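Here's the structure we're looking at; comments come further down.
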Amino acid sequence: IDRDITERKRAAEESRNNQALLASIIENIPHMIFVKDAKTLKFVRFNRGGEQLLGYPRAELVGKTDYDFFPKQEADFFTAMDRKVLKGGLILDIHEEPIETRRKGRRLLHTKKVPINGDDGTPQYLLGISEDITERKYSEHVERERARLLEQQQIALCELAKRDVIHTGNLEEALRVITETGSRVLGVERASIWTFNEQGTAMELLDLYERTPNRHITGLTLAAEDYPSYFQAIAQEELAIAAHDAHADVRTREFSQSYLTPLGIGAMLDAPVRRRGHVVGVLCHEHVGGPRPWTTEEVYFSSSLATFLTLALEAHQRWEVEEALVLAKQTAEVASRAKSEFLASVSHEIRTPMNAIIGMADLLWETDLTPDQRKYLRIFRRAGGNLLSLINDILDLSKVEVGHLELESTDFDMSDLVEKAIEILAMRANEKGLELACHLSSDVPRAVIGDPNRLHQILINLISNAIKFTDSGSVTVRVMQDQELLTPGAIRFSISDTGIGIPPDKRAAIFESFTQAHASMTRKYGGTGLGLTISRQLAELMNGRIWVESTMGVGSTFHCCVQLAVQSSPTPTHDNVPINLEGVRTLVVDDHATNRLILRETLATLGAEVTDTASGREALAEWRRAAASAQPYELLLLDCRMPEMDGFQVAEEIRRASPPQSPTIVMLASDHWADDIARTYDMGLGGYLIKPIRKSDLLQTINIALDRSMGIQHMPNSAPVAPIPSTEGRALRVLLVEDSPDNQVLIRSYLKQTPYRLDVADHGAIALKLFKNGYYDLILMDMQMPVMDGYEATKAIRAWEREQDLPPTQVIALTALALKEDGVKILEAGCNAHMTKPIKKQTLLGVLQACKGRRTS
């Protein structure tokens, strides 16, 4: 019995402890726990969490119902839920249950209600557990709202990136788009864009958008001296000035009285605008109302908008530059057209009288003249030629400057081009007593593609300059592969002289227009200073360059590199035919080292065994040595004029000392002196070559001299003169349309001794009338005339021919042809061809003869 009592006591004690523990747990759970009577729905128990949540002490709560504390609508809801739980005997989970509390106001609860049954299985009580989820739900709401706003910001930025207005340079429209986007997405009343002036002392308003009136404003200014803290903060801020309370923030409170208060602005979010690392302005967002906490996302969004503003500013600057370039291009094109038209006009106006001057001089040269008259006329013709060269140089320079000089691309022979240039200037060098030599390296391709006329012009300019500024010694032309580029068509021309040299400080200036190394040079040597300028520009058009190396008192070397193409299937030339000099022992005698080098290399490539000496005495000694060793020379090339002992003296010594089978001797001379030529053949020598020596002439002369016919045909150096047309058949009728009386007289004089019938019209209108009333085989049409110019006249003639169903008459344009466009314009007008003024007599006769041939055929 005692044991049972003890057990019951222990069980009762344990039960009390468990109940105390449960009560303690319920009391200390941070949620509201309450118990209601199942019948009356009165509160019978509340924990501390319930007191804190509802704001009522337990004493006031116990014994009361929901209707005693809550509004009827809420109490009805709670009661309905309670009865549902008690009736169904199930747990009810109410996820969101709004409730009005005494101290915390309206709260949101997550409530679970459970029926508590008695021993008979019927509900005795209702247990409720309510968790206050107000803060959690608010946080979730805030997070959702933040995500929504972030998505809205991202969408806005993406749409902004796709807007053409940001990138096309339309700054005004771009500013409006950016301010409106910022105002809408950030939900602010005002958004504005300001930029610093050049001094950084003020900011000027580019655009202010006010959302409520939906308007844009410009034209305001903020001075740095009035708002120093703000200006300093903008310059230092990385992302943006996020002034939650603009009146209190040290960076923005300077605006309080003058700006914030009058406009009701409570918060500011201002992002600096940067370009190339420098702050150039600010993008402002102003919240009208009280303070506003700016989120991190809003700060970054504002900074991103500032980046788009930077893009818009740069696009606008590019647009301004492009517009300036377009304007400059248009201005340049207008100027270029004006210059081109002026160039064409001046060319015509100059060449027209030049045509008469040079033509009349040529006609006068063909008449009987006294020696003095011929002397004066020679000077007159030379001056006319110099003037024409000057005009051509000026026109060429002008063409390059306006971009109207275009290079041709034709096949030509490099060796032939260089030799022709040398040949033209050989007489001038000889007149000054200069040795003119040319060495074409064996690795230079002969068959090339380019503009031979312009390359020839460069060489003539450089070589003639070298001759002009050299009083004694020599001028040497070397042609070789350019060692810098090492491409097959890269060719370097080096023209060396033993002239006066060029001071270092003048070497760059000589390539400028109308410039020589010193003014005294112009007085002494003459010239315009255009040759090098034109040559440099022509070389650059050929993807090359020109430069000079010079030593005062020693001489100068002008280098010219050009890039040409190499012909893939060149046409063989006459001097490409192989000549077999295999084993022919040859002695070259010349006091000029370059001449010896050229001859030695040329003959060695043909198999000859070549030795060279620099004087007549050395030559005799070498000849005697070879004869004594039973290895005599078969061929001697002797310079006829050398110091101490000239070539003729050497030849006489050899002839006297030689056995009957003496060597073949060819004399080398720098001019065509008749006495030297006669002496050569009187002595029975093998031949006579004029320096600088063309390879073809050298091979032909040696071939003849050695009596080894190799089938080489000597080509003429100049085109044949047009013959005087025969008088067989009907004479051609020619219509000359020319407004210059002098040129009319000139053309009449050209045709005076021919059978051609010439009619003259002073301008196009007269020509058209004559043409319609007569018949002409050929029309010579000046293109620039008063009343009706040659273009209009030719078009009118062609139109009339079509109307009358007549075959087209040959129309030859007489023009300066200053520009390439002139040639195109001439053809478009209906001309068949053109002749460039000044017109030479033989050129005109050749054209007439060709026309006569076409008519006959």
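This note's numbering applies: residue 300 is where the sequence shown begins, and numbers increase by one.
The beta carbon of each residue, even a glycine, is placed where N, CA and C say it ideally should be.
These numbers were taken from a predicted model, which means no experiment stands behind them.
For the pair residue 770 and residue 964, the Cα-to-Cα distance works out to about 31 Å.
In this structure the segment 907-916 lies against the segment 929-943, because at least three pairs of beta carbons, one per stretch, are closer than 8 Å. Between the alpha carbons of residue 415 and residue 404 lies a distance of about 31 Å. Under the DSSP assignment, residue 858 falls in the beta strand (DSSP E) whose first and last residues are 854-862. With a threshold of 16 other beta carbon atoms within 10 Å, residue 471 falls short and is exposed.
Where residue 579 is concerned, the enclosing beta strand (DSSP E) starts and stops at 577-587.
Beta bridge pairing from DSSP links residue 986 with 965.
In the assembly as shown, residue 928 is an exposed residue. Its beta-carbon has fewer than 16 other beta-carbons within 10 Å.
Runs of the beta strand (DSSP E) lying entirely within the segment 667-693 and spanning at least 3 residues: none are present. Below 8 Å, enough C-beta pairs join the segment 585-603 and the segment 476-489 to call them touching: three or more. Within the model, the alpha-carbon separation for residue 1041 versus residue 1111 is close to 19 Å. With 16 or more other Cβ atoms inside 10 Å of its own Cβ, residue 922 counts as buried. Take the alpha-carbon of residue 389 and the one of residue 322: they are about 24 Å apart. Taking a C-beta distance under 7 Å as the contact criterion, residue 340 and residue 400 do not qualify as a contact pair. According to DSSP, residue 769 shares a beta bridge with no other residue. For the set 566, 1108, 601 and 981, the Cα lying nearest the Cα of residue 572 is the one of 601. In this structure, the alpha-carbon of residue 870 lies about 50 Å from that of residue 1064.
Distance between residue 479 and residue 510, taken at the CA atoms: about 8 Å. For residue 410, the enclosing beta strand (DSSP E) stretches over residues 405-416. Contact between residue 1067 and residue 1046 does not hold, since their C-beta atoms are separated by about 19 Å, which reaches or exceeds 8 Å. Shortest Cα-Cα distance from residue 851 to any of 806, 395 and 544 involves 806. In this structure, 492 is the residue among 524, 492 and 498 with its C-alpha nearest to the C-alpha of residue 518.
Counting the other CB atoms within 10 Å of its CB gives residue 412 a total of 16 or more, which places it among the buried residues.
Comparing alpha carbon positions, the residue from 1030, 764, 781 and 726 closest to residue 744 is 781.
For the pair residue 565 and residue 525, the Cα-to-Cα distance works out to about 20 Å. Residue 326 and residue 347 have their C-alpha atoms spaced approximately 6 Å apart.
For the pair residue 895 and residue 883, the CB atoms are not nearer than the 7 Å cut-off. An exposed status is given to residue 624, since fewer than 16 other beta-carbon atoms sit within 10 Å of its beta-carbon. Within the DSSP bridge table, the entry for residue 846 names 858 as partners.
Non-local beta-carbon contacts of residue 541 in its own chain, meaning distances under 6 Å to residues more than five positions away in sequence, involve 568, 593 and 598 in chain order. Listed as beta-bridge partners of residue 791 by DSSP are 779 and 860.
According to the DSSP assignment, residue 401 belongs to no beta strand (DSSP E), since it is labelled neither H nor E. When Cβ pairs closer than 8 Å are counted between the two stretches, the segment 746-762 is seen to touch the segment 714-732, the count reaching three or more. Checking the DSSP bridge columns, you'll see residue 463 has no partner listed.
Restricting attention to beta strand (DSSP E) runs no shorter than 3 residues, the segment 1031-1072 encloses them at 1032-1036 and 1056-1060, ordered along the chain.
DSSP places residue 348 inside the alpha helix (DSSP H), whose first and last residues are 347-353.
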